[in-house]
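**Q**
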Amino acid sequence: TKRKLWGGRFTGSTDPLMHEFNQSLKYDKRMYAADVKGSIAFSKALLKAGIVTAEEQAELTRGLKLVEQEWAENKFVIQADDEDIHTANERRLSEIIGKDIGGKLHTGRSRNDQVATDMRIWLMDETAAAEENLKNLLSVMVSRAENEMDPILPGYTHLQRAQPVRWSHFLLSHASAFTTDLNRLREMVPRISVLPLGSAALAGNPYGLDRELLREELGFQSIGENSMHAVADRDFVVEWLQWASLMMIHMSRLAEDLIIYSSAEFGFVTLSDAYSTGSSIMPQKKNPDSCELLRGKSGRVFGQMAGFMMSLKGIPSTYNKDLQEDKEPLFDAVDTVSAALRIAEGVIATLTVNSDKMAAALSMDLLATDVADYLVRKGVPFRETHHISGRSVALAEAKQCQISDLSMAEWKDLSEHFTEDIADVFNFETSVEKRNAIGGPARAMIQRQVDIARQRIAGK
Ligand code: ARG
8 TKRKLWGGRF TGSTDPLMHE FNQSLKYDKR MYAADVKGSI AFSKALLKAG
58 IVTAEEQAEL TRGLKLVEQE WAENKFVIQA DDEDIHTANE RRLSEIIGKD
108 IGGKLHTGRS RNDQVATDMR IWLMDETAAA EENLKNLLSV MVSRAENEMD
158 PILPGYTHLQ RAQPVRWSHF LLSHASAFTT DLNRLREMVP RISVLPLGSA
208 ALAGNPYGLD RELLREELGF QSIGENSMHA VADRDFVVEW LQWASLMMIH
258 MSRLAEDLII YSSAEFGFVT LSDAYSTGSS IMPQKKNPDS CELLRGKSGR
308 VFGQMAGFMM SLKGIPSTYN KDLQEDKEPL FDAVDTVSAA LRIAEGVIAT
358 LTVNSDKMAA ALSMDLLATD VADYLVRKGV PFRETHHISG RSVALAEAKQ
408 CQISDLSMAE WKDLSEHFTE DIADVFNFET SVEKRNAIGG PARAMIQRQV
458 DIARQRIAGK
């Protein structure tokens, strides 16, 4: 077909299924604004290189803005032969301003440097949006942690009750992972912001196009220094997918905790109705579907990353059509991350903390470490105190009572170092407040975490 932009050397037409197989417009049309932005900047480089006149450049800009407007207003009419967003926009541009001027736009440019540029422009905007969503989630977590320092719940290792911690401390443990994700996201930006435009197909352009002008116009931080690499490089896509995979794993672990904690057996939190669903058969059910989806979608994002990395493996130098497979995984991951962050924010903002249920789960054996610490302060070596405290737990278990119910005579039997003040150990608030080294669950250290998290959110 002669109507394709590259149709000159062809006599036969494309197999319809092949056309469909090759066509990326159905998903890459979402980059229409990035494509127009890149083209307007490119027209300015063409003007500076003397390829187009000032009038022609103005006409290109006018036409490109109309093309963008058609997309924005959902009026762009896709033609059967439109292959991708780049060919569709160029075809429409020439219809609007005429082939004589429209046909000059692609001078010294290839879809290879064009698509790589568009992807980076698009992803920079999406990265800024992801940063906003992540900051909003973190802000909610940090505010709840600051405002709800009183509730104390069991902290778990091996999903066995271990030691008492504040609810705030638990919440901030997850926020800590997200804060690091926020830093990682910000650190990726300089590597996304590398300009391919000017590299043309693979061998650069012979028109002396001013790439510094292009960089400036498009707000990139740096310029791709090797034209072959610039058109082949999709590391920024891989890195974003890897970032998203790790962030979603953190999301999944938070979700898993909330699923467990919202079960009747734990009951530490109640998810709001807004983020729960019911059962079609069991009228009593209120299911934590929001958290289950957050957990489930982490697998989906990881799959996009793994799938795209497999697509990249073994591609020979520079551009090959395999690289078109970068879009669907990235778009899907970006959309999934956007939804997940906003849902998680809502879940955290609206859940109810059941401090009575948390308190009820605090059994005195959670203070066995504190009993050992008590003896340490009386000069007994920790290894020995650990053993003595363990025997107090065994004794209480045998007697089917709590360790705090043991008599003074029984304590004395375990160690001569126990005196009446052992009773003071059996207080969860005191236990938590004693852990006041940096990073601990004492109130002051939680406030410290809150303050530091707020600085990180603000980018300080
Ligand atoms: N739609 C293509 C992609 O997404 C654009 C680049 C096509 N280049 C080419 N030489 N066929 O990768």
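Heads up: the sequence shown begins at 8 in the UniProt record's numbering, then just goes up one per residue. Each residue gets a CB set at the ideal place from its N, CA and C atoms; glycine is no exception. As the structure is a computational prediction, the values presented were derived from the model and not from experiment.
Given that a residue counts as buried once 16 or more other Cβ atoms are within 10 Å of its Cβ, and exposed if not, what is residue 445?
**A** As a first step, residue 445 is located in the sequence shown; it is residue number 438 there, counting from the start. Exposed is the call here.
**Q** Does ligand 1 have a heavy atom nearer than 6 Å to the CB of residue 76?
**A** Counting from 1 along the sequence shown, the entry for residue 76 is found at position 69. No - ligand 1 has no heavy atom lying nearer than 6 Å to the Cβ of residue 76.
**Q** Taking buried to mean at least 16 other C-beta atoms within 10 Å of its own C-beta, is residue 129 buried or exposed?
**A** Taking the first residue of the sequence shown as 1, we reach residue 129 at position 122. Under this definition residue 129 is a buried residue.
**Q** Give a yes or no on whether the C-beta atoms belonging to residue 23 and residue 124 are separated by under 7 Å.
**A** Residue 23 sits at position 16 when you count from the first residue of the sequence shown. Residue 124 sits at position 117 when you count from the first residue of the sequence shown. Cβ atoms of residue 23 and residue 124: not closer than 7 Å.
**Q** Going by beta carbon distance, what residues of the same chain come within less than 7 Å of residue 117, once the five residues before and after it are set aside?
**A** The count along the sequence shown starts at 1 and reaches residue 117 at position 110. Closer than 7 Å at the Cβ level, and outside the excluded window around residue 117, lie 207 and 208.
**Q** Considering only their Cβ atoms, is the gap separating residue 360 from residue 161 smaller than 7 Å?
**A** Residue 161 sits at position 154 when you count from the first residue of the sequence shown. Residue 360 sits at position 353 when you count from the first residue of the sequence shown. Inclusion of residue 161 and residue 360 in the CB contact set at 7 Å is not warranted, their separation being larger than that value.
**Q** Measuring straight from C-alpha to C-alpha, what distance separates residue 386 and residue 380?
**A** Translated into positions along the sequence shown, residue 386 becomes position 379. Translated into positions along the sequence shown, residue 380 becomes position 373. Taking the straight line from one Cα to the other gives about 10 Å.
**Q** Are three or more beta carbon pairs between the segment 331-344 and the segment 306-318 nearer than 8 Å?
**A** yes
**Q** Kindly indicate which residue of 66, 220, 165 and 131 has the alpha-carbon position closest to the one of residue 197.
**A** What you label residue 197 is simply residue 190 of the sequence shown in a count that begins at 1. Minimum Cα distance to residue 197 is reached at 131.
**Q** Have a look at residue 461 and residue 145 and give me their C-alpha separation to the nearest angstrom.
**A** Along the sequence shown, read from residue 1 onward, the residue named residue 461 stands at position 454. Along the sequence shown, read from residue 1 onward, the residue named residue 145 stands at position 138. When rounded, the distance between both Cα atoms is 9 Å.
**Q** Looking at residue 369 and residue 6, is the spacing between their C-beta atoms short of 7 Å?
**A** Missing from the structure shown is residue 6; the chain here goes from 8 to 467 and no further.
**Q** Determine contact between the segment 36-45 and the segment 92-100, defined as no fewer than three beta-carbon pairs at a distance below 8 Å.
**A** yes
**Q** Which class does residue 323 belong to by DSSP, given the choice of helix, strand or coil?
**A** For the purposes of this step, residue 323 is taken as the residue at position 316 of the sequence shown. DSSP places residue 323 in coil when its eight states are reduced to three.
**Q** Whole angstroms is fine: what's the gap from residue 344's alpha carbon to residue 301's?
**A** Translated into positions along the sequence shown, residue 344 becomes position 337. Translated into positions along the sequence shown, residue 301 becomes position 294. Their backbone Cα atoms lie some 9 Å apart in a straight line.
**Q** Have a look at residue 168 and residue 79 and give me their C-alpha separation to the nearest angstrom.
**A** Taking the first residue of the sequence shown as 1, we reach residue 168 at position 161. Taking the first residue of the sequence shown as 1, we reach residue 79 at position 72. Rounded to the nearest angstrom, the two C-alpha atoms are 55 Å apart.
**Q** Do the CB positions of residue 229 and residue 201 come within less than 7 Å of each other?
**A** The residue you call residue 229 lines up with position 222 of the sequence shown. The residue you call residue 201 lines up with position 194 of the sequence shown. A contact, by the Cβ cut-off of 7 Å.
**Q** Spatial neighbours of residue 452 within its chain, please: C-beta separation below 7 Å, excluding the five flanking residues on both sides.
**A** Residue mapping note: residue 452 aligns to position 445 of the sequence shown, counting from 1. These residues qualify, in order along the chain: 443, 445 and 446.
**Q** Is residue 202 helix, strand or coil by DSSP?
**A** Counting from 1 along the sequence shown, the entry for residue 202 is found at position 195. In the structure shown, residue 202 sits in a strand (DSSP, three-state: E or B).
**Q** Below 8 Å, how does it come out for the segment 219-239 and the segment 324-332: are there three or more Cβ pairs, yes or no?
**A** yes
**Q** With distances taken Cα to Cα, identify the nearest neighbour of residue 32 among 55, 92 and 150.
**A** The residue you call residue 32 lines up with position 25 of the sequence shown. In terms of Cα proximity to residue 32, the closest of 55, 92 and 150 is 92.
**Q** Less than 6 Å separating the Cβ of residue 31 from some heavy atom of ligand 1?
**A** The count along the sequence shown starts at 1 and reaches residue 31 at position 24. Checking every heavy atom of ligand 1 against the Cβ of residue 31, one is found closer than 6 Å.
**Q** Suppose the cutoff is 7 Å on Cβ atoms and the five residues either side in sequence are ignored; what does the same chain contact list for residue 335 look like?
**A** Taking the sequence shown and counting its residues from 1, one reaches residue 335 at position 328. Hits under 7 Å: 34.
**Q** Under three-state DSSP, which class holds residue 233?
**A** Translated into the one-based positions of the sequence shown, residue 233 becomes position 226. Residue 233 falls in the coil class under three-state DSSP.
**Q** I'd like to know if the segment 210-224 and the segment 105-115 are in contact, where contact means that at least 3 CB-CB pairs between them fall below 8 Å.
**A** At 8 Å Cβ cutoff, the stretches touch.
**Q** Should the segment 136-156 be called in touch with the segment 409-421, which here means at least 3 C-beta pairs below 8 Å?
**A** Contact check between the segment 136-156 and the segment 409-421: fewer than three CB pairs, one atom from each, fall below 8 Å, which does not count as touching.
**Q** Cα-Cα, which of 243, 403, 425 and 396 is closest to residue 127?
**A** Here the question's residue 127 lines up with position 120 in the sequence shown. The candidate whose alpha carbon is nearest that of residue 127 is 243.
**Q** Given a cut-off of 7 Å on the beta-carbon distance, is the pair residue 347 and residue 258 in contact?
**A** Position 340 of the sequence shown holds residue 347. Position 251 of the sequence shown holds residue 258. Yes; because the gap between Cβ atoms is below 7 Å, this pair is in contact.
**Q** Apart from the five residues on each side of it in sequence, which residues of its chain come closer than 7 Å, Cβ to Cβ, to residue 155?
**A** One-based indexing of the sequence shown puts residue 155 at position 148. Closer than 7 Å at Cβ, skipping near neighbours: 174, 175 and 360.
**Q** Three or more C-beta pairs closer than 8 Å, one from the segment 254-269 and one from the segment 287-306: is that the case here?
**A** yes
**Q** So, are the CB atoms of residue 382 and residue 170 less than 7 Å apart?
**A** Position 375 of the sequence shown, counting from 1, holds the residue named residue 382. Position 163 of the sequence shown, counting from 1, holds the residue named residue 170. Not a contact, by the Cβ cut-off of 7 Å.
**Q** Counting only the same chain and skipping the five closest in sequence on each side, list residues whose C-beta sits under 8 Å from that of residue 190.
**A** In the sequence shown, the residue the question calls residue 190 occupies position 183. Excluding sequence neighbours, residue 190 sits near 463.
**Q** Would the beta-carbon of residue 349 be found less than 6 Å away from any heavy atom of ligand 1?
**A** Along the sequence shown, one-based indexing puts residue 349 at 342. Not so, every heavy atom of ligand 1 lies at least 6 Å from the Cβ.
**Q** Could you give the first and the last residue of the continuous alpha helix (DSSP H) run that contains residue 23?
**A** Taking the sequence shown and counting its residues from 1, one reaches residue 23 at position 16. Per DSSP, residue 23 belongs to the alpha helix (DSSP H) from 23-29.
**Q** With respect to 6 Å, is the separation between the Cβ of residue 2 and the closest non-hydrogen atom of ligand 1 below this value?
**A** One cannot answer for residue 2 here, as it falls past the ends of the chain, which runs 8 to 467.
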